[in-house]
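>
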Amino acid sequence: MPALLPRFVVLKHTNSGRYVRILSKEESDRVGVIDGFLKCDGTDITSPFVKFELEIAKSDSNFVHIRSSYNNKYFLIVDTEPSNNVENRLRVVATADQPEEDTSSSSCTMFKLDNRFGGKNFIFMSPRQRSFEPDTWAGEPYANGLVGRHIGIGGYGVKNFLVVDWDSLVIFPKEVSFKLAEEEKYLALRQIQRHPYLQFVDKDNGDDTTEFEISTVDDGYVRIKSLSNKKFWRRSPNWIWADSDEQNNLTGLQNNIDTLFWPVKTGTTAQLHYETWGTTESVRLLPQTARQIVSTPSPPTSPTMQGWKYGRRGSSRERSETLLIA
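FYI, the UniProt record's numbering numbers position 10 of the sequence shown as 10, with every residue one higher than the one before it.
Below is the structure:
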C-alpha cells in the first residue's frame, strides 16, 4: 500500500478536518514546546508547515518514515513532558535527524499505514502498536498536539487521516490577471444586461476590472474574487458571474458550492480549459459540481460578447481557450 501513496503529502484528520502541521521554531519558542512539535490544527493546506514526505522503509515496505519538509526531521514518538499517565506524554514530534528502523529502539521512526477503513484514509501505527492522533484533552500549549495512543482490541477508537497528494495542489499568486495566450486579450468584469459577466477585452492599463484575487480553501479548492467589485465567481447556473459576496460564502454549503473550483494540473505550459492557470503549469478548473468550465460564444442577443460558460466536455458548444496568468 505505501508504494501507491504520493511522495509529498498533507495529513488531514478526518474527524476535525484540520491538517497536521509542524510549529515554526519561532512559535515553538514562544509557546514553550520543543522544536519539531506537531499539532493537528492547521487550516491552510498550502502552508509549507503542513507538507510532509513519505519514505518507504528499507526493512519492511509496509512501513514508512515521515519527514517534515520544513525542518527535514523525521517523526518519532518521544516523552516530551513529565506525567504519570504514559498515554498523555508519548507525543509524536519531528525531531529525528536520520531514519531508524530498529523496532526495539525508542528512536524508531517507522510507522505502518493501516488502510482498514479503505479509500485514502489511513491509521499511522508505530511498531509498538501506537497510533498517532490529536490530543483533544490537553490544555495549551499541548492542545491538539500529536500523541501516540495504544490501539485497543479491534482498533476501537483509533483516529484516521486522509492522505492528500501535495503535488496535486496548485498554489497560485494571490493577485492575478488572465490573458489569452494567442491574443492580447484579458479576462475582465463587464456589466451586461445587468449581470457581472467575465469577458475577454483589449486591456487598458487603467482597467482594474482585469484584476482578480485567488484564495485556497478546503483541500485545495479555490475561490476567485473580482477585485473591482469585491465579488466571487459563481456558477449562475450556466454562465460564470462575479456576483457572490463573502457573506454568502460563509453561510451554508449550498451557498458555497457554486463558488468553489478545483484546479487540476494538466501539463507544463500555461493554458486554461477553460483550461488553466499558472505561468509554468497548466491546470483545468472544475467546479465542485463536477462540471467543467468552458469558453463559448455569446448568445445571439450579444454576438460580440464572449464569456465563461459551463458545459459538459465533448459538447458541441464547447470551445476551450488558452490563458496565461499575467
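A virtual CB, placed ideally from N, CA and C, is assigned to each residue, including glycine.
#1: Between which residues of its own chain and ILE34 is the CB-CB distance below 8 Å, once the five residues before and five after are set aside?
#2: Need the endpoints of the alpha helix (DSSP H) that ASP29 sits in, please.
#3: Go to GLN193, then tell me how far its beta strand (DSSP E) extends in each direction, as first and last residue.
#4: Beta-carbon separation of TYR74 and PRO99 under 7 Å?
#5: Expressed to the nearest angstrom, what Euclidean distance is found between the alpha-carbon atoms of VAL31 and ARG21?
#6: What does DSSP give as the partner residues of CYS40 in its beta bridges?
#7: Suppose the cutoff is 6 Å on Cβ atoms and the five residues either side in sequence are ignored; what does the same chain contact list for LEU23 look like?
#8: Could you check what DSSP says for SER107 in three-state terms: helix, strand or coil?
#9: What distance in whole Å lies between the Cβ atoms of VAL176 and ILE214, which are believed to be in contact at a cut-off of 8 Å?
#10: Output the distance between the C-alpha atoms of ARG130 and ASN15, rounded to the nearest integer angstrom.
#11: Taking C-alpha atoms, which residue in GLN193, GLU133, VAL164, LEU260 lies nearest to LEU54?
#12: Keeping to the same chain, check which residues put their C-beta closer than 7 Å to that of LYS25; ignore five residues upstream and five downstream.
#13: For a test of the three-state rule: what should DSSP assign to THR46, helix, strand or coil?
#14: Look at the alpha carbon of residue 365 and the alpha carbon of GLY206, and state the distance between them as a whole number of angstroms.
#15: State the start and end residues of the unbroken beta strand (DSSP E) segment that holds GLY148.
#16: Drop a sphere of 10 angstroms on the beta-carbon of TRP166, count the other beta-carbons inside from all chains shown, and report buried for 16 or more, exposed for fewer.
#17: I need the DSSP call for TRP166, collapsed to helix, strand or coil.
#18: Under 7 Å Cβ to Cβ from LYS174, same chain only, skipping five residues before and after it: list those, please.
#19: Would you mind sorting HIS65 into buried or exposed? The rule is 16 or more other CB atoms within 10 Å of its CB.
#20: Going by the beta-carbon positions, is the gap between ARG234 and ASP243 smaller than 7 Å?
#21: Contact check, CYS108 vs LEU76 under 8 Å by CB: the rounded distance?
#22: Give the secondary structure of ILE171 by DSSP, where H, G and I count as helix, E and B as strand, and everything else as coil.
#23: Taking the alpha-carbon positions, what's the ASP97 to LYS39 distance?
#24: What are the residues that DSSP puts in a beta bridge with SER68?
#25: I need the straight-line Cα distance from VAL170 to LEU5, nearest angstrom please.
#26: Please list, in chain order, all residues of the same chain as THR209 whose beta carbon is under 6 Å from its beta carbon, the five residues on each side excluded.
#27: Have a look at ILE224 and GLU101 and give me their C-alpha separation to the nearest angstrom.
Inspection of the coordinates gives the following:
#1: If you ignore the 5 residues before and after ILE34, its C-beta comes within less than 8 Å of the C-beta of SER28, THR80, VAL93, THR95, all in its own chain and listed in chain order.
#2: Counted as a single uninterrupted DSSP element, the alpha helix (DSSP H) harbouring ASP29 occupies residues 25-31.
#3: Careful: GLN193 lies outside any beta strand (DSSP E) and carries neither H nor E.
#4: Yes. Within cutoff.
#5: Each residue's alpha carbon lies about 15 Å from the other.
#6: DSSP, once it has assigned bridges, lists VAL20 as partnering CYS40.
#7: So the list reads PHE37, once near-sequence residues are dropped.
#8: When DSSP states are grouped into helix, strand and coil, SER107 belongs to the coil group.
#9: Yes, ILE214 and VAL176 are in contact; Cβ-Cβ is about 6 Å, under 8 Å.
#10: So the alpha carbons of these two residues sit roughly 18 Å apart.
#11: Nearest neighbour of LEU54 by Cα position, chosen from GLN193, GLU133, VAL164, LEU260, turns out to be VAL164.
#12: So the list reads ASP35, once near-sequence residues are dropped.
#13: Reduced to three states, the DSSP call for THR46 is coil.
#14: The displayed coordinates of the chain run from 1 to 326. Any statement about residue 365 would go beyond what the structure contains.
#15: 146-150 is the extent of the beta strand (DSSP E) around GLY148.
#16: Buried, because 16 or more other Cβ atoms sit within 10 Å of the Cβ of TRP166.
#17: Helix.
#18: Excluding residues within five positions, the ones whose Cβ falls inside 7 Å are GLU213, ILE214.
#19: By the 10 Å Cβ count, HIS65 comes out buried.
#20: Against a cut-off of 7 Å, the Cβ pair of ASP243 and ARG234 comes out as a contact.
#21: CYS108 to LEU76, Cβ: 7 Å. Contact.
#22: DSSP places ILE171 in coil when its eight states are reduced to three.
#23: Computed Cα separation, rounded: 20 Å.
#24: BP columns for SER68 point to PHE52.
#25: Approximately 19 Å, taken between the alpha carbons.
#26: If we look at THR209 and ignore the five residues flanking it on each side, its Cβ neighbours are ALA188, LEU189, SER228.
#27: Cα to Cα, ILE224 sits roughly 46 Å from GLU101.
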